[in-house]
Amino acid sequence: MALTALQLKARARELGADLVGIASAAVLNAHPPDPRYPQTPARLSPEIRSCVAIVKRIPVAAFRAKSLACVHHVDQLVLREMDKVAYRIARFLEEEGFYAFPLAAQETIWEMKNASYGYLSTRHVAIEAGLGTLGLEVNLLTREFGPRCYTTAILTSAELEPDQRIAEQLCIGEPCSRCLHSCPADAVRHWGLDKRACATEAQEYGYATILKTFTRFIEAPAPEQRLALLRGGKWRGIYQGLLRVVGAFGDCPRCLAVCPVGDDYRYLVGSQKVIPEKTPEKVAQGKAFLQARRSGAEIAGLTEGRIRWVGEDGYRPPKARKVT
Ligand code: B12
Ligand code: SF4
Ligand code: SF4
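Counting in this note's numbering, the sequence shown runs from 2 upward without gaps.
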């Protein structure tokens with residue numbers, strides 16, 4: 002008997018997926034998030050018929066920890082576990098007689114926007130698979146865990162019945178703007194992100210920092226200057242990043258911690274009520290976004306069909322959900 006979507010999803014949950022959905026490869030091929038750099042299954046293999054999207058949640062208590070290193074460590078554990086779950090699901094699909102492989106979800110491609118794009122945008126795959134919608138800060142928001150989750154995909158030759166996209170906007174949007182208020186890099190745009198700015202916080206000891214630190218060291222004219230540079234804390238950060246990934250990416254928890262969407266937010270309400278990074282300028286920015294949306298002005302983040310991933314039907318407040 003042929004493998005059904007229901008059977009596959011039940012097995013994926015047994016193997017450790019917190020959420021699982023199915024997107025059709027044909028739909029993903031027809032709707033690349035940025036058509037100038039098409040991140041499509043067809044680029045990876047013409048044999049792919051379905052993408053199985055899985056989500057692993059980040060244990061919410063991590064966001065209550067006073068030490069950032071604890072959040073970073075938990076993030077890395079979740080990512081490693083998610084890859085293992087994806088591998089097991091691919092093995093299961095193979096046993097059922099299909100080709101299947103898990104996506105290299107953290108790797109980026111040099112030819113695509115100077116290596117800022119992955120092989121597939123896993124957020125967009127998860128959205129096409131009905132698992133959530135984009136937030137104002139372009140994170141994937143799920144009903145269960147808000148943005149506090151990671152996501153990857155298993156690509157397979159199996160023709161599985163795809164899930165429906167969520168048409169409702171899960172993000173509260175401009176009237177909330179808590180992600181914008183909390184962002185230390187002031188990187189949140191109107192359904193968009195200043196990625197370079199975000200990376201200064203999200204990848205404090207990432208590739209750009211490594212390049213900068215080594216360049217300054219090599220270019221220092223005198224040996225004593227080089228010795229002085231070696232004493233800086235940056236090298237310790239780089240070492241820890243290379244050793245454990247901690248600090249090299251997944252480094253800034255703020256837009257994840259403050260987002261009120263997600264059943265798990267009830268464990269964060271008290272601790273995240275006050276946003277210390279909130280400034281009058283950020284509040285004014287949020288109000289300007291709201292004004293632009295209400296007036297029907299063109300919003301870059303929603304043009305060219307991008308509303309598809311935000312939710313065409315707009316936001317409807319669930320009775321139980323409160324913005325603190
Ligand atoms: C490169 C990368 C980054 C880069 C760039 C982020 C980005 N938005 O692309 C940096 C370092 C900044 C980054 C930061 C973070 N990342 Co990151 N990142 C990735 C990675 C590896 C590739 C992203 C990608 O391919 N983007 C492609 C583009 C098309 O996606 P996009 O930018 O979201 O596209 C929107 C806009 O660009 C816009 N757009 C496109 N073209 C145009 C043109 C115009 C004119 C305009 C106006 C707009 C526009 O439309 C799109 C929305 O429809 C993915 C893993 C993966 N393979 O997907 C993880 C991933 C997105 N990251 C993740 C996470 C968790 C983070 C951080 C929270 C980490 C942290 N705490 O430090 C932050 C969140 C920042 C944020 N608010 O988005 C998770 C997201 C989970 C979630 N719940 O959403 C992912 C999916 C990793 C994973 N496997 O789970 N990340
Ligand atoms: S990860 Fe941090 S720096 Fe990047 S958008 Fe979110 S809050 Fe801003
Ligand atoms: S914090 Fe508010 S505006 Fe930002 S993504 Fe979450 S619900 Fe949307």
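Every residue, glycine too, gets a C-beta built ideally from N, C-alpha and C.
task = Report back the beta-carbon spacing between P222 and V28 to the nearest angstrom; my notes put them in contact at under 8 angstroms.
result = Their Cβ separation, rounded to whole angstroms, is 57 angstroms, which puts P222 and V28 out of contact at 8 angstroms.
inquiry  = For ligand 1, is there any heavy atom lying closer than 8 angstroms to the beta carbon of W111?
reply    = no
task = Identify the continuous alpha helix (DSSP H) that holds T272 and give its terminal residues.
result = Checking the sequence, you will find Ser at residue 272 rather than Thr. Looking at the DSSP string, the run of the alpha helix (DSSP H) that includes S272 is 270-273.
task = Sort Q226, A13, A289 by Cα distance to Y88 and report the nearest one.
result = A13
Range covered by the alpha helix (DSSP H) that runs through K213 = 208-220
query = Hey, would you say the C-beta of D265 is under 8 angstroms away from at least one heavy atom of ligand 1?
reply = no
message = Is H125 near ligand 1 - that is, is its Cβ less than 8 angstroms away from at least one heavy atom of it?
response = yes
message = Does K279 come out as helix, strand or coil in the three-state DSSP assignment?
response = coil
query = Does the distance from the C-beta atom of L137 to that of R124 stay below 9 angstroms?
reply = no
query = In the structure shown, what three-state DSSP assignment does R307 receive?
reply = coil
ask   = In angstroms, rounded to a whole number, what distance separates the CA positions of V126 and G119?
value = 12 angstroms
Heavy atom of ligand 3 within 8 angstroms of E138 beta-carbon = yes
task = State the Cα-Cα distance for the pair L1 and R232, rounded to the nearest angstrom.
result = Nothing can be reported for residue 1: it is not among the residues displayed for the chain, which extend from 2 to 325.
ask   = If you follow the beta strand (DSSP E) that V21 is part of, which residue opens it and which one closes it?
value = 20-25
key: For T157, the first and last residue of its enclosing beta strand (DSSP E)   = 150-157
query = In the DSSP assignment, what are the bridge partners of C52?
reply = A24, L156
task = Taking E129 as the reference, give the member of D19, V275, P33 with the closest Cα.
result = P33
query = Would you call S25 buried or exposed, if buried means 16 or more other Cβ atoms sit within 10 Å of its Cβ?
reply = buried
ask   = First and last residue of the beta strand (DSSP E) that includes P103?
value = 101-103
key: DSSP state of L230 mapped onto helix, strand, coil   = helix
request  = Note down the Cα distance separating W236 from R81, rounded to an integer number of angstroms.
outcome  = 25 angstroms
task = Starting from the N-terminal side, write out each stretch of the beta strand (DSSP E) that is 3 residues or longer and does not extend beyond the region 99-141.
result = 101-103
ask   = From G263 to F250, what does the alpha carbon distance come to, in whole angstroms?
value = 23 angstroms
inquiry  = Rounding to the nearest angstrom, what Cα-Cα distance links C184 and P103 in this structure?
reply    = 32 angstroms
request  = Might you give, ordered along the chain, the residues of its own chain that have their beta carbon closer than 8 angstroms to the beta carbon of L161, omitting 5 neighbours on each side?
outcome  = L4, T5, A6, L9, I23, R50, S51, V53
Ligand 1 heavy atom lying under 8 angstroms from the CB of K196 = yes
ask   = How close, in whole Å, do the beta carbons of T214 and L20 come, if the pair is a contact with beta carbons under 8 angstroms?
value = That belief does not hold up - the Cβ atoms of T214 and L20 are roughly 38 angstroms apart, past 8 angstroms.
message = Could you check if P148 belongs to the surroundings of ligand 1, using beta carbon to heavy atom distance under 8 angstroms?
response = yes
request  = Apply the 10 Å Cβ neighbour rule to S272 and answer buried if 16 or more other Cβ atoms are within range, or exposed otherwise.
outcome  = exposed
task = Compute every distance between the C-beta of L135 and the non-hydrogen atoms of ligand 2, then say whether any falls below 8 angstroms.
result = no
Neighbourhood of C180 by C-beta distance below 7 angstroms, restricted to the same chain and skipping five residues each side = G136, L137, E138, V189, C256, V259, C260
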